[in-house]
Amino acid sequence: MSLKMKPEELAQTIDYKPPKKHWLDVKPDYKKGTYNYAGNPESIKYVHQPNPRKWQPYEEDWKLPENWKEIILEGFRERLDKFRSLKLFMDICVRCGACADKCHFFIGSGDPKNMPVLRAELLRAVYRKEFTLAGKLMARMAGATELTFDVLKEWFYYFYQCTQCRRCSVFCPYGIDTAEITILARELMNLIGVNIDWVMTPVANCHRTGNHLGIQPHGFKDSIEFAADDLLDLTGIKVDTPINKKGAEILFVIPSADYFGEPHYFTLLGYMALFHEIGLDFTFSSYASEGGNFGSFVSHELMKALNGKIYAEAKRLGVKWIIGGECGHMWRVLHQYMDTLNGPADFLEVPKSPITGTVFENARSTRMVHITEFTSDLIKNNKIKLDKSRNDHWHSTFHDSCNPARAMGLLEEPRYILRNVMNKFTDMPENTIREQTFCCGSGAGLGTEENFEMRMRGGFPRANAVKYVAEKNGVNLLTCICAIDKATLPPLLQYWIPGVEVAGIHELVGNALVMKGEKERTTDLRNNPLPGKEVL
Amino acid sequence: MGIWFSLVAVAALTLLGLIGANVSGLNYVFAVVIPYIAIVMFIVGIIVRIVRWASSPVPFRIPTTGGQQKSLPFIKQNRLDNPSSYLGVLGRMALEVLFFRSLFRNTKAELKEGPMLTYGANKWLWLFSLAFHWSFLIIFLRHFRFLTNPMPFFVPLLQDIDGFFQIWVPLVYITNIALVIALAYLFFRRVFDSKVRYISLPSDYFPLLLISGIAITGILMRYFFKTDLVAVKELMLGILSFSPSAPSEALSTWFYIHLLFVCSLLIYFPMSKLVHMSGVFMSPTRNLANTNRMVRHVNPWIDDLKMKTHTYEEYEDEFRKVMKGAGMPLDKEESHVS
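Chains Z and F supply the protein sequences, listed in that same order. Take any residue in the first sequence, note its place counting from 1, add 327, and you have its number in the numbering used here. Take any residue in the second sequence, note its place counting from 1, add 12, and you have its number in the numbering used here.
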């Protein structure tokens, strides 16, 4: 992945002054590097979605069904009746502009249609035309426009330039949630087969094999066993690799990148070392081998279908409760949607840590606990021995992943762990963390190679805040609890601030964890020499 | 374009008010009939809006969390920005509705040499919006001295507080000044901030100008072109007791214009963005507790979603051979699908 433009040059192209022309008259420019390729027809067919065909967004003919307008407008009407949020968000925006410079894509591109208010206005203009009297009578004067192919092209461009991060929603005086608007706009476009491949192919893969990379059961088993072998080399301890084990106490669901990508993999090593050390009776599942939910990037229907595997598998295996690994949007779905989509989970028990006896009251209905909640409880109760100095080669900062921050409020748990497993931790400036955190710029299905320039633009505010603490405090590690972050922050930092690495929280837990009977550790989980153990 | 359109609309209303005041045959229409129409359209319009919103379900519980969740006992929850109880939600909503909590967070992003992004506090929009809304509310409440007899207890109280500075006769009210300044800020911000101008529609300028019209005619009547207050009160009491009398000759032209502006606002209100007044109470990202994992939220149409989860049986059927080869546990030794 590369971008010819240097960071300074890219920054110079950013101009926050909007063009002279009225926004209804400006058409999108499908510039290479700023959009995603269309969904593969085979994937679309596999999950029975409409209008599978070969097409690309830069082409003139999108091969839409003849009655595409009616389909969308009918779908729009239906969703207005099903979602109070949509109806309300169409009606009550006063265009105060408080959201304008809160969007990472606007900050990084200067494109006025990346102001959340205008992104939503793209949908509102059609809403006014079709569903309000003023829009019907006064058209343009009421900010209304007819649904045309040009409008559709804008929808596709800008609703796939939103990562559903909800930062704007924090600042909106009415709580208008662009993520909600974007999901529904994508859902409408999906009705006529307008979607992107880095959503649809992972959806099809998850549906079939349980994970978005399409790894089959034996491949999953190999990966987990491979990780156990690596841990044996690193620590001298052979850990268990339970998969699809009936009667285990806990089902453990992680994002699939954890067993297939780097630096995610080191987090997997951390989880496995930790669970071995505390003697947790858990199992992985090859069938529910993906916590991430690419369905949530395109429609509620697909989100539900994919999410259904987790409870189904928990029931089949007869576990008592579930722990979920480090993943952002996965936790948006698990926290805000799962119980409604596929609950009630009355066949499970209220989660109770077998090690500390702590009952996780906050998960008493879904019966699914975030790994950082679980681990911080272990640390608080002194159930694990930690040697912070093993992370002394790192000075870390923490990137709040959008969804755990703004759709959950999981802010302190990861920080609590970090402060207990390492000596050097510094937060980024307050306007860029916690509920005001900036997106990696590649979430919600946008983390593709073809979209690289837009990703570097969208990730600019995050990278810039990292740069600030890197230069001021000597930070050299950006930690996070999201698989998409772990995949997309490394190239982002490589572009904007080379030299800062990316890691999951449980990688650092794994480094610091003093295991019973371990050999003297000379390296961290990445096989880097530990501080003081360098071979000269 | 939007500015001119709105200016012309307000000018047309002014002209209409002039006609209503000076064509004696039309006095009754403008002083009695139009106010009745406006009040009915306002009340019915707002009810229709709310019922329309309420008729759609809240399918998912999607609060935007603005602080630490309730989780472990040793981690301090932010009860107002991330409430998990009814009381917490009430607090969050109160902060939002009374003090514009979210707008208070506002920052201004700037790109500097380096490249370096900074986010400075930017409270002006918050300050003037708050000044506008509170002033408008207090002025509205003060008007109850024209609407009821005897006037309610809060009117003299508000007059005392609002007239605290004791300058000029008649007393200058702080809210009158604040309202005008706030309106000017909100209007000129729309005109001169290029980003806000770019997103503004005629329907954004029009209410600001209309309310400015109400404020200006009101202030002119109070301090400069005195109108017969007894006649005004007589008219209003007549209307509100459903026994309207013929409007007195003593009602001034300024009053007719002021009244027509107010009626226009009432009529315009329910069909415009001004319904944010009632909408804010129904916003699902603010009025729901973040109890997502504690209490199940039920969606009435969830079973209408057709696509089914790919079952474990289907999965094992497809992969049985490789699973067996890898020594993984199986539910069935052989497929039932042939």
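Don't be surprised by glycine CBs; every beta carbon is placed ideally from N, CA and C.
Practice task
Alpha carbon to alpha carbon, how far is F/Leu342 from Z/Thr806? Give it in angstroms, no decimals.
Solution key: 38 Å
Practice task
Answer yes or no: do F/Gly32 and F/Ala21 have a C-beta to C-beta separation smaller than 9 Å?
Solution key: No, they are not a contact pair.
Practice task
For the region 726-759 of chain Z, list the alpha helix (DSSP H) runs that are entirely contained and at least 4 residues long, ordered along the chain.
Solution key: 729-733, 739-748
Problem - Contact list for F/Ala338 against chain Z, beta-carbon separation under 8 Å - result: Listed along chain Z, the residues sitting closer than 8 Å to F/Ala338 by beta-carbon distance are Pro544, His545, Lys548, Asp549.
Exercise for the section: Pick helix, strand or coil for F/Ser350, following the three-state DSSP scheme. Expected result: Its pLDDT being 45, under 50, F/Ser350 is placed unreliably in this model, and the value from its coordinates should be taken loosely. F/Ser350 falls in the coil class under three-state DSSP.
Exercise for the section: Can you check the region 776-800 of chain Z for any beta strand (DSSP E) of at least 3 residues that lies completely inside it and give the ranges in chain order? Expected result: Taking only runs of at least 3 residues, no beta strand (DSSP E) segment lies wholly in the region 776-800 of chain Z.
Exercise for the section: With a 10 Å radius around its C-beta and 16 neighbouring C-beta atoms as the bar for buried, classify Z/Gly844 as buried or exposed. Expected result: A residue is called buried when at least 16 other Cβ atoms come within 10 angstroms of its Cβ; Z/Gly844 does not meet this threshold and is exposed.
Handout entry: 8 Å contact criterion, which F/Asn118 and Z/Phe498 should meet: CB distance rounded
Key = 6 Å
Practice task
Taking 9 Å as the cut-off, decide whether the C-beta atoms of Z/Cys430 and Z/Arg446 are in contact.
Solution key: yes
Practice task
Using the Cα positions of F/Ile59 and F/Ala196, report the straight-line distance between them to the nearest angstrom.
Solution key: 31 Å
Exercise for the section: Kindly indicate which residue of Z/Leu644, Z/Gly651, Z/Leu668, Z/Leu337 has the alpha-carbon position closest to the one of F/His309. Expected result: Z/Leu668
Practice task
Kindly list, in the order they appear in chain F, the residues whose Cβ is closer than 8 Å to that of Z/Pro569.
Solution key: Simply none; closest approach about 10 Å.
Handout entry: Selected residue, minimal CA-CA separation from F/Phe100, among F/Ser215, F/Gly79, F/Thr321, F/Phe204
Key = The amino acid at residue 100 of chain F is misidentified as Phe; the sequence shows Gly. Answer by Cα proximity: F/Gly79.
Exercise for the section: Out of Z/Leu450, Z/Gln663, Z/Asp704, point me to the one whose CA is closest to Z/Thr683's CA. Expected result: Z/Asp704
Practice task
Would you mind stating whether Z/Ala830 and Z/Leu804 have Cβ atoms separated by less than 9 Å?
Solution key: yes
Handout entry: Residues near Z/Lys414 by beta carbon distance below 6 Å, same chain, minus five either side
Key = Leu407
Problem - CB contact check: F/Lys344 to chain Z, cutoff 9 Å - result: no
Exercise for the section: Step through the CB atoms of chain Z and report whether any lies within less than 9 Å of the CB of F/Met53. Expected result: no
Problem - Selected residue, minimal CA-CA separation from F/Trp65, among F/Phe17, F/Leu232, F/Phe293, F/Arg305 - result: F/Phe293
Practice task
Let me know if F/Gln81 comes out buried or exposed under the rule of 16 or more other beta-carbons within 10 Å of its beta-carbon.
Solution key: buried
Handout entry: Residue nearest to Z/Ser612 in terms of C-alpha spacing, selected from Z/Arg694, Z/Phe602, Z/Ala639, Z/Leu596
Key = Answer by Cα proximity: Z/Ala639.
Exercise for the section: Please name the residue or residues paired with Z/Val649 in a DSSP beta bridge. Expected result: The sequence as given places Ile at residue 649 of chain Z; Val does not occur at that position. For Z/Ile649, the beta-bridge partners assigned by DSSP are Z/Leu578, Z/Met695.
Practice task
For chain Z, find out if any of its Cβ atoms is closer than 9 Å to the Cβ of F/Ser224; answer yes or no.
Solution key: no
Exercise for the section: State the beta-bridge partners of F/Lys124 as determined by DSSP. Expected result: F/Met128
Practice task
Determine the chain F residues that contact Z/Glu740 at a beta-carbon separation under 8 Å, and present them in chain order.
Solution key: Ser83, Leu84, Ile87
Practice task
State buried or exposed for Z/Thr340, treating a residue as buried only when at least 16 other CB atoms are found within 10 Å of its CB.
Solution key: Exposed is the call here.
Exercise for the section: Give the residues of chain F in contact with Z/Tyr298, contact being defined as C-beta atoms less than 8 Å apart. Expected result: No answer is possible for residue 298 of chain Z: the residues shown for chain Z start at 328 and end at 863.
Handout entry: Per-residue contacts from F/Met294 into chain Z (C-beta, under 8 Å)
Key = Arg411, Leu415
Problem - Length of the line joining the Cα atoms of F/Lys333 and Z/Gly546 - result: Approximately 13 Å between the Cα atoms of the pair.
Problem - Z/Ile371 in three-state terms, based on DSSP - result: helix
Handout entry: DSSP state of Z/Ser723 mapped onto helix, strand, coil
Key = The three-state reading of DSSP puts Z/Ser723 in strand, counting E and B together.
Practice task
Quick one: grab the DSSP three-state call for Z/Phe609.
Solution key: Annotated three-state conformation of Z/Phe609 is strand, per DSSP.
Practice task
Rank Z/Glu676, Z/Gln821, Z/Thr459 by C-alpha distance to the C-alpha of F/Arg61 and give the top, closest one.
Solution key: Z/Thr459
Practice task
Name the two residues that bound the continuous beta strand (DSSP E) containing Z/Val829.
Solution key: 828-831
Practice task
Could you tell me whether the Cβ of Z/Ile503 comes closer than 9 Å to any Cβ of chain F?
Solution key: yes
Practice task
Scan the region 298-326 of chain F for residues whose Cβ lies nearer than 8 Å to a Cβ of chain Z and list them as they occur along the chain.
Solution key: Arg298, Asn302, Asn304, Arg305, Met306, Val307, Arg308, His309, Val310, Asn311, Trp313, Ile314, Leu317, Lys318, Met319, Lys320, Thr321, His322, Thr323, Tyr324
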